[in-house]
Ligand SMILES: Nc1ncnc2c1ncn2[C@@H]1O[C@H](COP(=O)(O)OP(=O)(O)O)[C@@H](O)[C@H]1O
Ligand SMILES: Nc1ncnc2c1ncn2[C@@H]1O[C@H](COP(=O)(O)OP(=O)(O)O)[C@@H](O)[C@H]1O
Ligand SMILES: Nc1ncnc2c1ncn2[C@@H]1O[C@H](COP(=O)(O)OP(=O)(O)O)[C@@H](O)[C@H]1O
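Residue numbers (this note's numbering), protein chains in the order written: chain A, 3 to 114; chain B, 3 to 114; chain C, 3 to 114; chain D, 28 to 460; chain E, 28 to 460; chain F, 28 to 460.
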C-alpha cells in the first residue's frame, strides 16, 4: 500500500476529492497548510509598512491507497489540481506498511 | 522505528494520549484535520439553502515509536479511539529511517 | 529521495526556512500543530479553576529532499531550530518513493 | 385620483415637523426643544451604529472567509461617499426648497449646507442634527445593497454605483416621501423608510444581482456563512440601532417615539420567533442565522408603520414579516435562481413593501393604530406609492448599472474571485495567526 | 413587624414615579418631560444592548467552541420570548393594577398593553417608554441564567423554562419590589434590580445547575474559555449598557441619574481592580477573564444601591463585590461542586444579595448616602426582602424544573453534548474557514 | 504677551458653562436642563464605549495573535485605574478651585468628590454627570498611549506609568485648557481635546516608544495585523462614540452640539477617503486598515475645532488630517525608525496639533466658523498653546519613564516577548479551539 501526500491549491480540493471518489477511493484526510515554494506570497501593506508574506495557503491531502490504485490516483490528482500556473503543488508517495480501521480492527487493504 | 499516523475523533484525543503515555510514549504531535470517508458530514441549512458539508473534523496524531513498542501502540489507539460508530478513523504505519532530537542532537531510538 | 518532517518551535520557522533556502531547498510545507512531549504546557487559570493545557503550539515542516542534500538539511534544521531548552522538537526522516510536480508533470528529483 | 383631500391630509409627525421648518411657517413659533434634540442626537448615533459596524458585521459573517474584509470595506467606503455627497448636494436636493419642481426634487439652495448655522431649526430641533440624522439613513440605504453583490464585484464599481444611486434613487425618493414631494402630498404613509430605505435598496439589489450574475459555483459549491456569530453581533447592533431609526423618526422624545420603539421591538421578536418556528417545522432545528434573519425581516417590515400602529399591529407585522420574507428568500434563490447573495431583496425589498401595504390596515384606530384614515383609500395610496418607488428604483438601477459597468467594470476576474477580494482588491487577509 | 411607618415610607424615586402614574394621582399633574423621556429612550436602547449582543458575547466567549452559537441562540430566543410575554401579560401583571391582590401581583387590565396609547404617561415619561425600559430588564434577567446551563441543555427546555420562569419568578418579584407590591410597601430598597434581577437569576441558576447536573468531564476535562476576547467585548458592552440599567432607573435625566452612573462606574472599576489584585497575589498574574468577571461583579453588587449611595459607597461596594464574589466562585465550584458553568450564582446571586444588604448601611447620609433611614431597621428590611426573594426564586425554580423536565426534557444526549450543541441543536458551526 | 484682552476673551461654550459653575456665579441662575442632562448622560456612555471596547478592539486587531489579550487587558486596567484616580483626586485637581494657583492646577476641595451631591450643578447639568463625562476623557487619553508600547511592555509598568501620567500630564493640561487654567484664560481654543487628549497622548507615546525601544525584529520580521476586521469593529465604535466626545463637549443638546457632530462626521469621512485615495495611487489598492486609520486621523484632527467651525471647515480638516497623518506615519516608522507600534503619535499627536493650529483659521466666520476672532492673533495663541502642551507632555513623560522604569521595569524578558504577553503576563490564550 502507498501513502500519498498531495499539496494543492485550496480551491481545487472539492474537484480532486470528487475525482478520487469516482476512482473508488473511500476516504482521505485534508489539512490546511502553508506552502513555501517558487510561488511567492503577496506583499501586504499596512499603514505604509510592507510585510512580505512568504507563505501561501495550500491544502494537503493524505490518501492511503492500494498499490494497484496508485497510478490512477496520481493521474487524477495531477489532472484535477493542475491550473498550469506556478504553485499548483506536489504529490509525494511513501510506502505504507500497515493500515488499521479503528472501528472494526480490519487490517491492510481491507481497512482502506 | 516506525512512524504511526492515526486519524481519530477529536474528543478521543485526551484518552488516547493518556493511554500512550502510560505505555511509555514520551511525545506525539497532534493536528486538526478534516476527514472524508464513509461517515458523512451533516447537511447544514442557512436561510433555506442546503450546504453539504462533506468533511468532518478529525484529529491526526503522529507518533514516532521504537519497533518493539509498535504493537502495543496500535492496540492502545484502537482500544481508546473506538466508539464502534462509523468515522472512528484509521491508523497508518510507515517506516521511519531516522530521528533527531533537536535540543541534544541525539539520534535514533534515543531521540524518541 | 527523503521526506523530512521536523517539529519545531513556531518562532523558529523563518530562520529555518531561510537556512534551508540557502542550501538550495526550493520548497517546503508548514503546518500549525500541537505538540505533546517533555515540555509541559502552562497551567491556565480562569476564574480560579485550573486548566492543564498539555499541548504546546509547534510548527511542523515537511520537506522533500534529494538524498544527497539530506545531511545538510538535517544539520541546518538542527542548528537553526535549537535553543537548547526543552521542547526544541524532533526531526523525522522517511523514505520517499516518488514525487510529482503537478504543474509540469515532472517526476523524481526534477520535481523537488 | 388623489384629489385635494388627500393632498392636504396630515402626513404624520415627521412630515409635519419638516413642513414647519419651511422659512415662513417656522419663523414665528419654533424654539429649541432640548429633550427632542437630545433624543435626536442619540438616535443619530444609533443609526450610524447600525451601519458601522452593525450591518458590516451582519454581512461580513455571512460571506466566505476570503471576502470578509472586502465587505467591511464596501460598507465603510459607502458610508464615507454617501456622507460626503449628502453634505455637498444630497441634503439640499432631498430636503431643500425645490420651488416649482418641489413635487419632484428639492433645490440647490442648501448645497454644501449653505445657510445652515448652529441656530437653524427644523421643527424644534437643530437643523444640523436633522441633517445628521437623515445622513445616517442616506448611509445605510446604499450599504444595504452590498448584500446583493458581495464576493464578486469590483470595488471601483461599488463606489461609482453607490454614489450615483444615492443621487438618482435615494435622494429623489426621500424627497418624494419625506421632503415635501408628491408622495408626501398624496398622503402616502412611510414613517421611517419602508419605501425610502428598504424598498429602494431591496429592489435595486435584485436588479444588481441579476445584472452582475451569480457567484462562481452558485449555488452548489458555496460554503456556509463563515462566521454566524459575527452575523449575530451585527444583528444585535442593528436591533439596538433600529430603535434610533424608527423611534428617532418621531423627531421627538415623546409617546410617539415610545410607541414606535414598542411596535418595532414587538415586530422584531415575533418575526424572529416565526422564522425559528418555520425552520423548526421544516428542518427539525431552528438556526441562529435564520433567527436573526427573521429579526431583521421583522424590523424592516414594521419600519414604514412604526409611528402609526399600536402594539397589536406590531404582533401582526412580526408574523407577516417573518413568514413572508422566509418564503421570499426561497423564491428568489430556488425559483428565480438569482444570486442576491445575502437576500437583500427578499428581506428588505419584500419586507419594506409588505409593511407599506399593511400600514393601510393597521394605522387605523380600529386596529390599534393612530391615524384617522379610511383603509380602502389609504391602501390604494400605499400600493400606488410602493409601485412608483419600486418601478423607479428598478428602472434607475438598470440604467445606472448599464452606464457604470461600461465605466468601472462590473465584476472582478475569475481568478480574483477564486482568490477572494480581501487579497486581490485590498491586499489584506482577514486573519493572520 | 413592618407597621404603618415603613408602609408609608418614601421608597425612592422610581417608586414615587410609578405611584404617581396610577390614574387618580397622575391625572392632575403629569405632563411630559422631554429630557427625561429622551434619557429613558436612550437607557432602553442601552439595556437591550446589554443582552443583545453584550451578554451573549460575554457568555459566548467563555464556552467551548462547539457551543458558541447555541449560547448566542439561547440569549436571542429568550429575548424574543420574554419580550412577547411582556407585551401579552408580563407588564400588566408586574405594573398593572392588582386591585385587592396588589400586594402580591398586578392585574390583567393592561394585558396586550390594552389602554396604553402614545399619550399615556408613567410619571412624566411616556408609558410606552416605561413599558420598553422595563421590558429590557425582563429580557436580561432570564438570559442571565443561561450561564448556568450552557453546553448541555435542550433548547426546547430553555424556551419553556424561561417563559414560565419569567411569569412565575420575575414578574411577581418585579411587582413586589417595583410595581406596588408588599416589598415596596415595606420600604425595601432595590434601585435597579439587586433582588428583582440579580438575586432571582442567580439563585435560580444555582438550582438549575444542580438539577441539570454537571457537564461531562467537569471539572477535570474542560478546556479553557475558547475566546476571552469575545468575553471582554461583551463585558465592555455590559458596562456601557449598565449606565442605562442603573442611571436609567432614575427614570429621569437629573442628578439622581448622574449619581447612579457615578457610583455604578466606581463600583465596577474598583471591583475589577480588586479581582485583579487577588489573582495577582494568588497566581502571580492577573487575567483578563478575571478582571472582567470582577467588573461585572462590581456592577451587579452596586445595582440595588445605585440610586441611594454616594461616591464613597461606590468605592466600598466595589471592594466588597469584587472580593466576595471572587471567593464565592471558588466556593460553588470547588466546595459545592456544582457546575454553575459561568458562575451566575457566585457573581449575580451573591453580588445582588450582598448589594441589597450593604445598601442598608451606605444609603444613609452619614455614609454618603441619600436616604434618611435608620440603618438597623432598614437592614432588617433588606435582609428580610432578600430572604423572601431568594426563597421564592429557589422554590419556584425547583417546581418549574420538575415540571418542565418532564415536558421538554432537560439534557441533550451524551453524544450531542460531545458533538456540541451548535451542530446538534442548530445545525450550524461557529467557524467555517 | 497675552494681555487682558485675551484674558477676558470668551472661550467657548464649554468654558463658559464651567465658569458659571463656580459657587458665586452659579447660585442665582442655574437650574437643571433635562434635555442637556439627557444628552450628556448619553454622551458619557458613548465616550466610555470608545475605550471599552472600541479602542481596545481597534488596537487589539493590529497586534499579533499572541498579544491580543494583553492589549485588551491594558486598556481595561487603565480604564479602571484612571477612573479611580479621577474620583480620588483627578477631578478635583482638574476642575476644582485652585485658589491662588488656579492658573496652574485646581485644588483638593473636591477630592473624593467631596461636596458633590445629586443636586450639584455644573452650568445647567448635574455635576455628577459632568464628573462622569470628564472621567471618560481621563480614561481614553492614557489608553491611547497603549498603541505605542504594545507587545513588549511589562504590565506593572503600564499601571504605574498610566497612573502617574494621568496626574502629571493629563490632569494639569485639562485644568489649563478647560478647568480655568492659564491656557483657558489666554483664550486658546480646544473644544474637545486636540491638546488635552490627542497631543498629550500622542507626544507621550512617541517618547515612550523611543525609550522603550522597538519590538524584537522591528521592522523586518513583524507580521501583519492579525485581525483587521477587529480593528474595523473598533473603528466603528470609535466613530459612533466620537459623536459623544465632540458633540457632548457642547455640554448641551443644542445646535452647537449638532454642528459639532456634523463637522466631526464630515472630517472623518473625508479623511478616510483621502487616506484611501493616497493608498490607491501609491499601491494600486486601498486597504481597510488604511481607511480606518484615516477615519481616526480625521476624527482626531477635527476634535479641537469641532465646536467652532462649520461644514466647509469639516471638509478641509478631513483632507488635511488624512493626508498629513498619512505621511507622518511613514515619517516616524521609516525615517525616525521609532517603533510607535500602532502610530499613536502620527495619528493622534500630529492630528491633534494640526487641528489646533487649523482651528485658528476655520473658527472665523469668513471661513464658516462661529468665533469672532482675528486669525493672526488666534494662530499665535493656538501655536503657543500647542507648544506648551507638547513640551510639557514630552518633558513630563521622560521624567516619569525614567522613574517608573527603575521601579517597575520597562520591558518584559526577550523570551516572554517571543512567547507573547497573553500567556506570559496574563496566563491566557486568545483562542482555544
Ligand atoms: N520540496 C518540497 N517539500 C515539501 N513541499 C514542497 C516542496 N516543494 C514545494 N512544496 C509545496 O508545494 C507548493 C507549490 O510549490 P511551488 O514551488 O510554489 O510551485 P510549483 O509546484 O508549481 O513549482 C509549495 O507551496 C509547498 O507547499
Ligand atoms: N484511505 C484513506 N486515506 C486517508 N485517510 C482516510 C482514508 N480513509 C479514511 N480516512 C480518514 O479516516 C476517517 C474515518 O473514515 P470513515 O470512512 O469515515 O470511517 P471508518 O474509519 O469508521 O470506516 C476519515 O474521516 C478520514 O479522515
Ligand atoms: N515520539 C514522538 N512522536 C512525534 N512527535 C514527537 C515525539 N516526541 C516529541 N514529539 C514532538 O516534539 C515536540 C518536542 O518534544 P519535547 O519532548 O517536548 O522536547 P524535546 O524535543 O526538547 O525533548 C513535542 O511537542 C512533539 O510535538
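All C-beta atoms, glycine included, are put in the ideal place defined by N, C-alpha and C.
Proximity test, Cβ basis, 9 Å: residue i and chain B
i	result
residue 21 (chain C)	no
Identity of the residues DSSP links to residue i by a beta bridge
i	result
residue 237 (chain E)	Its beta-bridge partners do not exist; DSSP assigns none.
residue 97 (chain B)	B:4
residue 38 (chain A)	C:30
residue 61 (chain C)	C:10, C:34
residue 67 (chain A)	A:4
residue 54 (chain A)	A:45
residue 92 (chain C)	B:103, C:9
Chain E contact for residue i (CB, 9 Å cutoff)
i	result
residue 68 (chain C)	no
residue 81 (chain F)	yes
Cβ-heavy atom distance, residue i to ligand 3, below 8 Å
i	result
residue 94 (chain C)	yes
Cβ of residue i within 9 Å of any chain C Cβ
i	result
residue 80 (chain A)	yes
residue 454 (chain F)	yes
residue 64 (chain B)	yes
residue 124 (chain B)	Chain B is shown from 3 up to 114; residue 124 (chain B) falls before or after that span and cannot be answered.
Which listed residue (the options) has its alpha carbon closest to that of residue i
i	options	result
residue 20 (chain C)	A:64, A:31, A:113, A:57	A:57
residue 88 (chain F)	F:146, F:260, F:157	F:260
residue 36 (chain A)	A:29, A:106, A:59, A:43	A:59
residue 131 (chain F)	F:350, F:79, F:215, F:211	F:211
residue 253 (chain D)	D:125, D:369, D:216, D:303	D:369
residue 66 (chain D)	D:160, D:223, D:127	D:160
residue 39 (chain A)	A:9, A:46, A:22, A:76	A:9
residue 244 (chain D)	A:5, A:13, A:7	A:13
residue 394 (chain D)	D:414, D:415, D:339	D:339
9 Å Cβ cutoff, residue i in contact with chain F
i	result
residue 46 (chain A)	yes
residue 101 (chain C)	no
Below-9 Å beta-carbon distance, residue i vs any chain A residue
i	result
residue 104 (chain B)	no
residue 361 (chain F)	yes
Residue i at chain D interface by Cβ criterion, 9 Å
i	result
residue 90 (chain A)	no
* **Chain-ordered residues, beta carbon under 7 Å from a heavy atom of ligand 2** => This selection yields A:27, A:28, A:29, A:30, A:31, A:64, A:65, A:66, A:67, A:103, A:104, A:105, A:114, B:9, B:35, B:37, B:38, B:39, B:40, B:41, B:58, B:60, B:88, B:89, B:90, B:91, B:92.
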